[in-house]
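Here the structure is laid out as structure tokens; the discussion comes afterwards.
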Amino acid sequence: MSGFAAAAATSHSLSLAAMEEASRLGQRTARVEHLFLALVVNEQLAGQVLRGLGISLDSARQAVQDQDAAQLASIGVSIEAPPAPGRIVFHETGGYEWDAPSIEILRRASAGTQQGDAGAVLRALLDEPSGLVESVLHRLGVGSEFVRARLAEAERIPPAPAIRRRRGSLSGTSETFVPAPIEKVWELVSDPERLPEWDLSIGRVEAEATGHAPKTGDHFLALARTERPDGRPLRTSKQYRRQLVALVEQERPSRIVWRFSYPDAVRANTRVVTIALEPAAGGAHLRLELQWVRNPERQISLLGWLLRPLARFSIWMQLSQLGSSMSRVFR
0 MSGFAAAAAT SHSLSLAAME EASRLGQRTA RVEHLFLALV VNEQLAGQVL
50 RGLGISLDSA RQAVQDQDAA QLASIGVSIE APPAPGRIVF HETGGYEWDA
100 PSIEILRRAS AGTQQGDAGA VLRALLDEPS GLVESVLHRL GVGSEFVRAR
150 LAEAERIPPA PAIRRRRGSL SGTSETFVPA PIEKVWELVS DPERLPEWDL
200 SIGRVEAEAT GHAPKTGDHF LALARTERPD GRPLRTSKQY RRQLVALVEQ
250 ERPSRIVWRF SYPDAVRANT RVVTIALEPA AGGAHLRLEL QWVRNPERQI
300 SLLGWLLRPL ARFSIWMQLS QLGSSMSRVF R
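Numbering follows numbering that gives the first Met the number 0, in which position 73 of the sequence shown is assigned residue number 72; successive positions increment by one, without gaps.
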């Protein structure tokens with residue numbers, strides 16, 4: 000992924016997580032504190048550094064709430080009990096935007112020699128003029144300069160080699176952090192009836208109660224969603240309304256492979272999703288691979304080759320949706 004594409008991907012993932020956090024409080028404007036919370040659950044080095052210092056999503060949310068209350072008290076405003084946060088409703092609502100300070104932080108994170116990654120965003124947050132993040136970190140028992148030093152140390156470690164794309168296939172990989180114990184995440188990704196919680200193409204799964212956990216080789220019938228998250232009707236071509244889901248491989252709690260095919264669209268490609276899980280500070284680290292296996296009866300046309308960059312962007316978007324959905328279940 001090019002530097003520009005990587006920066007755009009970081010901006011997208013942080014914006015999504017921050018606006019999801021704002022939606023829990025009934026707000027439509029994402030602010031500096033929401034951007035900080037988005038970093039806490041980000042899979043990149045900046046998020047790993049924060050979590051490695053003992054900062055969890057729950058503790059960060061509480062520190063932000065306490066800091067907000069302290070700022071209001073400093074101007075003579077007292078709130079008996081702040082409204083209890085609700086669930087994330089970002090995907091069911093609209094009208095979200097960044098405030099001006101957050102836009103400036105994201106701009107500075109990509110300016111000059113900055114790469115626009117999560118580390119650059121964290122450094123820009125630490126330099127933010129209001130000192131909000133520095134105050135929140137103080138409530139968490141961590142100094143901003145210590146965070147800066149730990150981030151610099153982590154960035155000096157050579158990154159792991161990138162996973163090579165499968166030759167001749169439409170595939171992609173991504174990573175995500177889920178703020179839950181690995182066993183809880185395994186229960187989510189290994190249960191066929193819970194597929195609709197993280198695969199937005201599936202509305203429900205017809206799985207018979209067998210009294211035992213799904214076994215490798217088991218098949219299930221999945222039905223497409225009929226509504227978008229905001230309640231608007233979702234129309235799907237008849238041949239794509241059913242998916243045959245196969246459990247191809249599983250190794251509890253570290254790896255699982257699902258295959259999705261369309262029994263009513265015999266020439267359609269098959270989708271394979273591989274999820275590798277590792278325990279991490281504050282939760283679990285997931286490596287996702289999405290592969291579209293071409294139907295051997297279909298020949299790739301010249302137009303198909305020309306549209307490959309667009310197809311790869313589509314795969315990146317699908318991976319982003321899978322990862323954010325898995326994380327959102329536990330937030």
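The C-beta atom is built at its ideal place from N, Cα and C for all residues, glycine as well.
CB-CB length for residue i against residue j, believed under 8 angstroms
i: Asn339; j: Arg270; result: Nothing in the structure corresponds to residue 339, since the chain is present only between 0 and 330.
i: Gln249; j: Ser324; result: About 20 angstroms; that fails the 8 angstroms criterion.
i: Asp217; j: Leu246; result: 5 angstroms
i: Arg330; j: Pro178; result: 6 angstroms
i: Glu196; j: Val328; result: 5 angstroms
i: Ser143; j: Glu152; result: The pair is not a contact, with the Cβ atoms about 15 angstroms apart (cut-off 8 angstroms).
i: Leu321; j: Val272; result: 7 angstroms
i: Thr215; j: Leu285; result: About 20 angstroms; that fails the 8 angstroms criterion.
i: Leu125; j: Val146; result: 7 angstroms
i: Ala68; j: Ile78; result: 6 angstroms
i: Leu105; j: Ser10; result: 6 angstroms
Residues bridged to residue i [DSSP beta-bridge criterion]
i: Gly2; result: DSSP, once it has assigned bridges, lists no residue as partnering Gly2.
i: Glu277; result: His284
i: Glu250; result: Arg254
i: Ser170; result: Gln290
i: Pro232; result: Glu226
i: Val204; result: Ala221
i: Val333; result: With the chain covering only 0 through 330, there is no way to say anything about residue 333.
Simplified DSSP assignment, three categories, for residue i
i: Val177; result: strand
i: Val40; result: coil
i: Gln26; result: coil
i: Ala221; result: strand
i: Ile156; result: coil
i: Trp243; result: Reading the sequence as shown, one finds Leu at residue 243 and not Trp. In this structure, Leu243 counts as strand in the three-state DSSP scheme.
i: Ser58; result: helix
i: Phe329; result: coil
i: Lys214; result: coil
i: Gly322; result: helix
i: Arg193; result: helix
i: Ala17; result: helix
i: Ala264; result: coil
i: Gly53; result: coil
i: Leu199; result: coil
Sequence-distant residues of its chain with Cβ nearer than 8 angstroms to residue i (five each side left out)
i: Val63; result: Glu32, Phe35, Leu36 and Val135
i: Ala29; result: Ser14, Ala17, Met18, Glu20, Ala21, Tyr95, Glu96, Trp97, Asp98 and Ser101
i: Leu150; result: Leu44, Ala45, Val48, Gly118, Leu121 and Arg122
i: Trp315; result: Ala8, Gly171 and Ser173
i: Asp263; result: Lys237, Gln238, Tyr239, Arg240 and Arg241
i: Leu71; result: Ser77 and Ile78
i: Glu154; result: Leu44 and Gly118
i: Pro224; result: Note on identity: in this sequence residue 224 is Arg, with Pro being the wrong assignment. Excluding positions up to five away in sequence, the list reads Pro195, Leu199, Ser200, Ile201, Gly202, Leu233 and Thr235.
Neighbourhood of residue i by C-beta distance below 6 angstroms, restricted to the same chain and skipping five residues each side
i: Ile181; result: Pro252, Leu276, Pro278 and Ala283
i: Ala108; result: Gly115, Ala119, Val120 and Ala123
i: Ser55; result: Gly281
i: Ala6; result: Ser109 and Gly115
i: Ala221; result: Ile201, Val204, Gln242 and Val244
i: Leu318; result: Gly171, Ser173, Leu287 and Leu289
i: Phe259; result: Gln242, Val244 and Arg270
i: Val141; result: Leu52
Nonlocal neighbours in the same chain, by C-beta distance under 7 angstroms from residue i, ignoring five residues either side
i: Leu24; result: Pro84
i: Arg138; result: Ala62, Asp65 and Gln66
i: Ala206; result: Pro191, Glu192 and Phe219
**OP:** Counting only runs of 4+ residues fully inside the segment 62–142, write out the alpha helix (DSSP H) ranges in chain order.
**Re:** 99–108, 117–125 and 131–138
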